[in-house]
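Novice:
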Amino acid sequence: MEVVHKIGRRKTAVARVYVSEGKGNITINKRDLKDYFTTATLQYKVKQPFALTNTEDNYDVKVNVYGGGITGQAEAVRLALSRVMCEIDEENRLALKPEGLLTRDPRMVERKKFGQKKARKKFQFSKR
16 MEVVHKIGRR KTAVARVYVS EGKGNITINK RDLKDYFTTA TLQYKVKQPF ALTNTEDNYD
76 VKVNVYGGGI TGQAEAVRLA LSRVMCEIDE ENRLALKPEG LLTRDPRMVE RKKFGQKKAR
136 KKFQFSKR
């Protein structure tokens with residue numbers, strides 16, 4: 016098997032994932048998974064596509080991720096890994112699709128408008 020490359024996005028985070036056969040090493044921005052995503056929740060999110068397809072220790076993963084915060088980055092990596100698992104074996108789609116891992120979450124931060132305090136909040140109106 017050669018290297019499979021896919022891209023995942025979430026909010027403003029973009030993750031480029033390169034998967035090859037190996038022993039289950041996950042490297043993110045040249046750092047280990049546990050060093051980059053320190054909380055157990057984020058580590059679980061990244062490993063979720065492997066857990067659902069029962070391929071935890073079969074592939075080595077290299078990830079370049081930038082933009083957004085850590086949660087958005089973890090979810091971008093998860094989407095990219097889910098796409099890779101579908102390309103490797105189409106049967107994996109049946110496990111990943113019902114969990115919603117193949118859906119790109121389109122929600123973005125709404126921009127702040129001129130003359131307002133935030134995107135939707137207005138300045139307080141006072142009648143004297």
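Take the sequence shown: its letters are residues 16 to 143, numbered as in this note's numbering.
Just so it is clear, CB atoms sit at the ideal spot from N, CA and C, and this is done for glycine as well.
Model, not experiment: these values are computed from the prediction.
1) Please classify A134: does DSSP put it in a helix, a strand, or coil?
2) Would you kindly report the start and end of the unbroken beta strand (DSSP E) that includes R24?
3) When we look at the beta-carbon of K136 and count the other beta-carbons within 10 Å, is it buried (16 or more) or exposed?
4) Among T27, M16 and K127, whose alpha-carbon lies nearest the alpha-carbon of V144?
5) May I ask you to report which of helix, strand or coil DSSP gives S141?
6) Taking the continuous beta strand (DSSP E) assigned at K77, which residues delimit it?
7) Quick one: what's got a C-beta closer than 8 Å to E71's C-beta in the same chain, skipping five residues either side?
8) Between the stretch 72-86 and the stretch 41-57, do at least 3 Cβ pairs fall closer than 8 Å?
Specialist: Quick look at the numbers:
1) Residue state, collapsed to three classes: coil.
2) First-last of the beta strand (DSSP E) with R24: V19 to R25.
3) That one is exposed.
4) As displayed, the chain neither begins before 16 nor continues past 143, which places residue 144 out of reach and without an answer.
5) Collapsing the DSSP output to three states places S141 in coil.
6) Run containing K77: Y74 to Y81, per the beta strand (DSSP E) assignment.
7) Here the set comprises G39, K62 and F65.
8) Touching, yes.
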